[in-house]
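No gaps in the numbering here: position 185 of the sequence shown is 184 in numbering that gives the first Met the number 0, and each next residue is one more.
Just so you know, even glycine gets a beta-carbon here, dropped at the ideal spot from N, CA and C.
Taking it in order: structure first as structure tokens, then the write-up.
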Amino acid sequence: MADKILAKDKLGDFLGKLQADYEVYAPQEVEGKPQWAPVEESDKVLWDFSNTHTSPKDFFFPQTEIMMRFKNVQDHENGMVMEAEPPLANKRLLFNIRPCDAKAFQVLDLIFVQDEMTNDLFWKDKRDKTTLVGLACSDPCPSCFCTSMNCGPASTTGLDALVFDLGDKLLVRALTEKGEAVAEGLDDAAEADQAAAEEQTKAAEAQISSSVGMDKVNERSVMELYEAGMWDRVYENCLNCGTCTYVCPTCHCFDIQDETQGESGRRVRNWDNCMSWLFTMHGTGHNPRGAKKDRVRQRFMHKFKYIPVKRDGEIGCVGCGRCVLLCPVNIDVRRVVNDMNA
Ligand code: SF4
Ligand code: SF4
Numbered sequence: 000m001a002d003k004i005l006a007k008d009k010l011g012d013f014l015g016k017l018q019a020d021y022e023v024y025a026p027q028e029v030e031g032k033p034q035w036a037p038v039e040e041s042d043k044v045l046w047d048f049s050n051t052h053t054s055p056k057d058f059f060f061p062q063t064e065i066m067m068r069f070k071n072v073q074d075h076e077n078g079m080v081m082e083a084e085p086p087l088a089n090k091r092l093l094f095n096i097r098p099c100d101a102k103a104f105q106v107l108d109l110i111f112v113q114d115e116m117t118n119d120l121f122w123k124d125k126r127d128k129t130t131l132v133g134l135a136c137s138d139p140c141p142s143c144f145c146t147s148m149n150c151g152p153a154s155t156t157g158l159d160a161l162v163f164d165l166g167d168k169l170l171v172r173a174l175t176e177k178g179e180a181v182a183e184g185l186d187d188a189a190e191a192d193q194a195a196a197e198e199q200t201k202a203a204e205a206q207i208s209s210s211v212g213m214d215k216v217n218e219r220s221v222m223e224l225y226e227a228g229m230w231d232r233v234y235e236n237c238l239n240c241g242t243c244t245y246v247c248p249t250c251h252c253f254d255i256q257d258e259t260q261g262e263s264g265r266r267v268r269n270w271d272n273c274m275s276w277l278f279t280m281h282g283t284g285h286n287p288r289g290a291k292k293d294r295v296r297q298r299f300m301h302k303f304k305y306i307p308v309k310r311d312g313e314i315g316c317v318g319c320g321r322c323v324l325l326c327p328v329n330i331d332v333r334r335v336v337n338d339m340n341a
């Protein structure tokens with residue numbers, strides 16, 4: 000499908016039409032921060048924001064998710080009755096998602112949807128029913144390093160359509176069938192609009208000043224990196240607060256618990272994080288990552304070595320920069336990876 004054009008003053012009609020088929024969400028100002036929220040008024044949709052404060056991973060992997068409910072019916076025939084949670088009722092559309100966050104979902108697909116035997120139904124149901132319409136970055140912030148992480152300001156990976164903000168109009172590029180359904184009915188873009196989008200992308204790429212080296216990280220063995228002396232320095236300042244893991248679009252560890260009351264209960268999964276001292280506690284009481292150094296090392300080794308080794312070179316980071324901005328003691332993932340590389 001050819002690139003399309005949408006005048007910005009027609010955005011309300013455009014989103015209104017989509018709302019007949021989808022629940023539509025977009026970044027909006029919530030409590031003074033750019034955050035994801037349902038679209039009620041199109042003029043509240045943000046265009047000039049670096050990225051949302053927290054990532055949109057909750058749409059597919061909520062912080063707390065009920066997996067099933069159960070009830071002991073005290074009946075020899077039925078014993079325990081278990082009920083699956085219903086799948087997502089409506090189709091959803093995330094409008095103006097940043098390319099790095101969409102790329103993060105493609106990384107997580109490799110983990111949650113590996114094959115028929117290891118297929119996370121909760122994740123897949125939400126992914127199948129959600130359309131991702133990206134917003135190309137025109138003004139990356141100093142903490143962004145997406146271009147070092149197989150991504151970029153106009154990366155299309157994981158997206159169904161990509162929108163370029165050209166001032167009073169939007170260039171809409173459909174990338175999948177889902178994206179074509181969104182762009183249907185719009186007028187074709189002119190060559191000058193396409194050229195403006197390409198120029199914007201080049202300027203945005205040039206503005207990304209941080210670069211992170213991965214060449215030696217890829218060459219070095221797991222054990223060489225694991226035993227490197229640098230970890231004795233990196234871990235010291237970390238508070239193990241877990242902020243970096245909660246805001247990260249690719250962090251995906253969870254813990255499953257049964258919560259019971261009387262004869263009934265529910266099975267829930269909650270986000271876990273490798274910074275917590277309970278993270279890998281075994282039932283025996285033994286904890287292979289009992290020390291802070293082990294936990295901090297796990298976070299970086301998982302993203303930059305274990306995932307690439309297991310997933311054909313894919314990296315468990317998209318360079319969104321959230322952890323750089325929000326770590327209370329300024330542990331900078333870019334410096335850590337450059338140290339691993341050096
Ligand atoms: S945000 Fe910073 S201090 Fe908190 S766990 Fe992560 S690296 Fe450690
Ligand atoms: S590790 Fe940091 S920069 Fe990388 S994806 Fe996670 S939050 Fe973003």
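1. Compare the beta carbon distance of residue 28 and residue 45 with 8 Å and say whether it is the shorter of the two.
2. Give the DSSP bridge partners of residue 35, in chain order.
3. Following the continuous beta strand (DSSP E) through residue 257, name the residue where it begins and the one where it ends.
4. Determine whether the beta carbon atoms of residue 317 and residue 99 lie at a separation below 8 Å.
5. DSSP three-state call for residue 163: helix, strand or coil?
6. Run the proximity test for residue 246: is its beta-carbon closer than 7 Å to any non-hydrogen atom belonging to ligand 4?
7. Do residue 267 and residue 54 have their C-beta atoms within less than 8 Å of each other?
8. How about residue 56 and residue 248: do their beta carbons lie closer than 8 Å?
9. Considering only the beta carbon of each residue, do residue 213 and residue 340 sit closer than 8 Å?
10. For a test of the three-state rule: what should DSSP assign to residue 211, helix, strand or coil?
11. Count Cβ pairs between the segment 115-135 and the segment 172-187 that sit closer than 8 Å; are there 3 or more?
12. For residue 244, is the classification buried or exposed, using 16 other Cβ atoms within 10 angstroms of its Cβ as the cut-off for buried?
13. How about residue 26 and residue 37: are their beta carbons less than 8 Å apart?
14. Looking at residue 136 and residue 203, is the spacing between their C-beta atoms short of 8 Å?
15. Looking at the unbroken alpha helix (DSSP H) that takes in residue 339, where does it start and where does it end?
16. Taking the C-alpha atoms as reference points, what is the distance between residue 115 and residue 126?
17. Quick check on DSSP: helix, strand or coil for residue 242?
18. For residue 122, tell me which candidate among 331, 291 and 59 has the shortest Cα-Cα distance.
19. So, at 7 Å on beta carbons, what are the nonlocal neighbours of residue 200 in its own chain, with the 5 sequence-adjacent residues on each side left out?
So, from the listed chains and residues:
1. yes
2. 26
3. 253-260
4. yes
5. strand
6. Ligand 4 is not part of this structure, which contains only ligand 1 and ligand 2.
7. no
8. yes
9. yes
10. coil
11. yes
12. buried
13. no
14. yes
15. 332-340
16. 16 Å
17. helix
18. 59
19. 135, 152 and 153
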